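Encoded as structure tokens, the structure appears first; notes follow it.
There are 2 protein chains.
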Amino acid sequence: MEEKIKDYLPTGYNNLENFFDEAYPADIADFLMLLDSDEKEYILKNKANISLIINIISYLDYENQNIVAKLMNEEKLSTILSRIYVDDAVDFLGSMPVGKVKKILNLMKEQKASELQSLLGYDYESAGGLMTTEYLAFYNDMTADMVLQKLRKISPGAEMIYYIYVISRKKELLGVLSVRQLLAAQPDENLKDLMTENVIKVGINLDQEEVAHVFAKYDLLAVPVVNKRNQLMGIITVDDAIDVIEDEATEDIYKMAATGDIHGGLLAAVKKRIPWLLILLVGDLLSGSVIKNFEESLQVVVALAFFIPVLMDMGGNVGTQSLTVVVRGLATGELHFANFWRHLWQEVKVGFVMAVILGSMLSLIAFFWQGNPLLGLIVGGSMFMTLLTAVTAGTSIPFIMEAFGADPAVAAGPFITTLIDISGLFIYFTMATILMEKLI
Amino acid sequence: MEEKIKDYLPTGYNNLENFFDEAYPADIADFLMLLDSDEKEYILKNKANISLIINIISYLDYENQNIVAKLMNEEKLSTILSRIYVDDAVDFLGSMPVGKVKKILNLMKEQKASELQSLLGYDYESAGGLMTTEYLAFYNDMTADMVLQKLRKISPGAEMIYYIYVISRKKELLGVLSVRQLLAAQPDENLKDLMTENVIKVGINLDQEEVAHVFAKYDLLAVPVVNKRNQLMGIITVDDAIDVIEDEATEDIYKMAATGDIHGGLLAAVKKRIPWLLILLVGDLLSGSVIKNFEESLQVVVALAFFIPVLMDMGGNVGTQSLTVVVRGLATGELHFANFWRHLWQEVKVGFVMAVILGSMLSLIAFFWQGNPLLGLIVGGSMFMTLLTAVTAGTSIPFIMEAFGADPAVAAGPFITTLIDISGLFIYFTMATILMEKLI
């Protein structure tokens, strides 16, 4: 087994012990995630001691944390959990079945267990689910020197000591100051005179995507989380925001291709993909029925079939272009409802120019290829109309979905393509049938 | 004009002055970017003083920085540039024409100007292009107390004081320590005994996407940039890494839809999109020629045309699913070359199961719709083979592109779809022609 695993060791290491001793925890985690499940099992059972797991656990993804949890007993898991940051511990617990979580919490110190318990109550994808309770907060009547003395003694347990939050006796968030400001202050100055009152903060139920936007927008290292009464409940650190930004972009990309993620086995992958494909199959059969309804025209002029691919694909491509710009613009916050008409008008103009260019080109191609000017007119004209429909649908549909609270990324790629296929084929064959008499 | 602009003010503000006084700089920048160009011009000329611009300039995107640069004279611009962080100044200068940059640098203090000049020399999308020269570095023989005294006096000019870098007299990077470690240290301890020697650092020419991966992987607030001789050249801060992660995801999503970004006018948008469409048009015409080559078969059995949409679309959809998983996996670092065969095998298995389900469904549909079992066999069989081709091509092509140093995202969506269309139609009509005699 060890010989097999060796192939995956980064260059410069030729045995596991050496690698585990010297590499960064994040690299060890990456290496583990590359392996097959039997190889992982071998390592976790024979080679990984508890301190290694403590170092790498927060760098493993959900599926791999789950594998670790399965292979260890509750006692070991409670030791690991009590020695990592609270927010990482909550994530790790989230990968285990409820029964196991209960047993583990029973084995832990009461205070830590109840802290974890309360954090587990928040939605995984909300500010509450992202936050840690390891932050620094002091009352507003303390002096700079008092705080500095405390900082010197503090255990490395607090994940983020770079911002210091100032609270009232009722735990209300009053202000914030940086360690830099603290160091530059006079020793006897009160926190309330040093702090910035205009704190950027997030509500405990805010969606994680919105939380990530706050980080991206305001360039922060940490953001405080408050409840409805403005009481400080925790903080979210920038490293978690980075993970959310990556994950949300990945999620959008997968949704736009109607696919699932890279993890999980054969059945999981099929289960994620096939429902979308079945829906799309129905849509494509509708495209087919459009053609069937015009069977007569097709029988008379078989050449009409040659242009089916180009009409279908170009409509889909142009629609997807428009749609992609909107979906991504809405996700990064560059587009808002306020822009809808302005943006639609811009897309229609772009679409018009492209429709004129591509429509007239295709007209000429059809004419020279088939030697029939009327066929050229039909093909070029349908292309023109299909492309205009495509930009309009591609721009409007994601805005409409967002307005109804649906995720615009779901509307993407294949769905818009199928919709435009149906309307494009309908335009094409209707035009052909009307001009039929002259065509033959 | 002000009445018109009022519509865009966030709720709670009813006049510009009030908004500019109270809002966060990032929100003011967002507001400005929403406006039309004449509205922007009005504000920049009449309402925005220089300190407002200083506050918001780093939150504006490239296009809007360019607008600001156009509307201000060199003197004002040099004042702005001398009062913002060095890395932001370099970005701002990057939005101006070379002639203007020269004039501005001539107006600035020589030291600052030459610093900016040297940073401008790095590729915009490399570590050198992202870094700032405002960092804290001390020699390894200094004591904790000496450093703390210096920190107390330091101007807020250093963008990141949370890591302290330790260097030799030759400027070689020897280690790093956090302010937390410094505060906890004995006053007379030397930096060389406090520091961590195993520093995560990046080379000055590293691509920005790789730089962002380093942040995402190791959970850092800043990363030092070194040249080939391990001399400390600057640092990159996490806020810039977040922007890169968002930008790179956006870029990939746009590439996969063969489209450009949201900014710029009509012509810019057409110019970005139409080259791709022209290439795709050629591909689609090739699909059409496949049909033309089988004109005879089509003439005999017109019903063959009804299934063209479903074969084309489903092949494209399944290929795009496989491709999306690979493109995103390569981008986030979840997939590597080492995984190629393993991942291909997984995709082929997934594709096989889906091909069996969808192929047999379509067989039955074709049979019942047209009452012809042979047609059912042709349609279902081609679907099966097309889907297997689709997963294989969708998985392999991005890996191959990456191997040749090309960006796999470019291969995506429409290109793979067109390729699979051609092969799918070829499979379909070949099968139909071979079985033709029995079909009629």
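Residue numbers (my numbering), protein chains in the order written: chain A, 71 to 510; chain B, 71 to 510. Virtual Cβ for every residue (Gly too), placed ideally from N, Cα, C. Being a predicted model, the structure only gives us computed values, none of them experimental.
Within chain A, the residues I312, D313, E316 have their CB atoms less than 8 angstroms from the CB of B/A286, given in chain order.
With a threshold of 7 angstroms between beta carbons, A/Q369 makes contact with chain B.
For A/I237, the uninterrupted beta strand (DSSP E) segment begins and ends at 233 to 237.
DSSP places B/I306 inside the beta strand (DSSP E), whose first and last residues are 302 to 307.
Rounded to whole angstroms, the separation of the alpha carbons of B/L276 and A/A93 is 21 angstroms. The stretch 261 to 275 of chain A and the stretch 148 to 167 of chain A do not touch, with fewer than 3 CB-CB distances between them shorter than 8 angstroms.
Counting along the chain, A/F377 sits inside no beta strand (DSSP E), nor does DSSP assign it H or E at all.
Only those residues of the stretch 99 to 122 of chain A whose C-beta falls short of 7 angstroms from the nearest C-beta of chain B are listed: L104.
Membership of B/A339 in the alpha helix (DSSP H) is indicated by the continuous run 336 to 363.
Looking only at B/L414, B/V449, B/L189, B/P345, the smallest Cα-Cα distance to B/M431 is reached by B/V449.
Rounded to whole angstroms, the separation of the alpha carbons of A/L151 and A/G475 is 37 angstroms. If you check each beta-carbon in the stretch 351 to 377 of chain B against every beta-carbon of chain A, the ones closer than 7 angstroms belong to L351, D354, L355, S357, G358, I361, K362, E365, L368, Q369, V372, A375, F376, F377. For B/G429, the enclosing alpha helix (DSSP H) starts and ends at 410 to 440. Listed along chain A are L350, L351, G353, D354, S357, M382, G386, P484, T487, T488, D491, each with a C-beta nearer than 9 angstroms to that of B/D383. Here B/L247 carries a strand assignment [DSSP, helix/strand/coil].
For B/D317, the closest of A/G385, A/A373, A/T402, A/K362 by C-alpha to C-alpha distance is A/T402. At a cut-off of 7 angstroms, the C-beta of A/K419 has a neighbouring C-beta in chain B.
Closest in C-alpha terms to A/V293, from the list A/N300, A/T307, A/G386, comes A/T307. Counting only residues of its own chain and dropping the five nearest sequence neighbours on each side, A/L291 has a CB closer than 6 angstroms to the CB of Y232, V308. Judged by their CB atoms, B/V236 and B/V272 are not nearer to each other than the 7 angstroms cut-off. Among the CB atoms of chain A, none fall inside 7 angstroms of the CB of B/I305.
Proximity of chain A to B/T329 at the Cβ level (cut-off 7 angstroms) is accounted for by Q391, T394, V395, in chain order. In this model, B/L186 and B/V168 are separated by some 13 angstroms (Cα to Cα). Counted as a single uninterrupted DSSP element, the beta strand (DSSP E) harbouring A/A292 occupies residues 292 to 296.
Scanning A/Q135, A/Q278, A/T149, A/V420 for the CA closest to the CA of A/M201 turns up A/Q278.
Contact annotation: in the stretch 253 to 265 of chain B, residues whose CB is within less than 8 angstroms of a CB in chain A are L253, A254. For A/Q135, the number of other beta carbons within 10 angstroms of its own is at least 16, and it is reported as buried. Judged by DSSP in its simplified three-state form, A/G464 adopts helix. For A/E195, same chain residues with a beta-carbon under 6 angstroms away, outside a window of 5 residues either side, are Q278 in chain order. Taking 8 angstroms as the upper bound for CB-CB distance, A/A319 and B/R222 are not in contact here, some 41 angstroms apart. By the beta-carbon neighbour count (other beta carbons within 10 angstroms, threshold 16), B/L457 is buried. For A/K110, the number of other beta carbons within 10 angstroms of its own is at least 16, and it is reported as buried. Taking B/R153 as reference, the option from B/E73, B/I124, B/V246, B/M501 with the minimal CA-CA separation is B/I124.
For A/D215, the closest Cβ of chain B is not nearer than 7 angstroms.
The beta-carbon separation of A/L104 and A/Y78, rounded to 5 angstroms, stays under the 8 angstroms limit for a contact.
Among the residues facing chain B, A/T320 is included, as its CB has a counterpart in that chain under 7 angstroms away.
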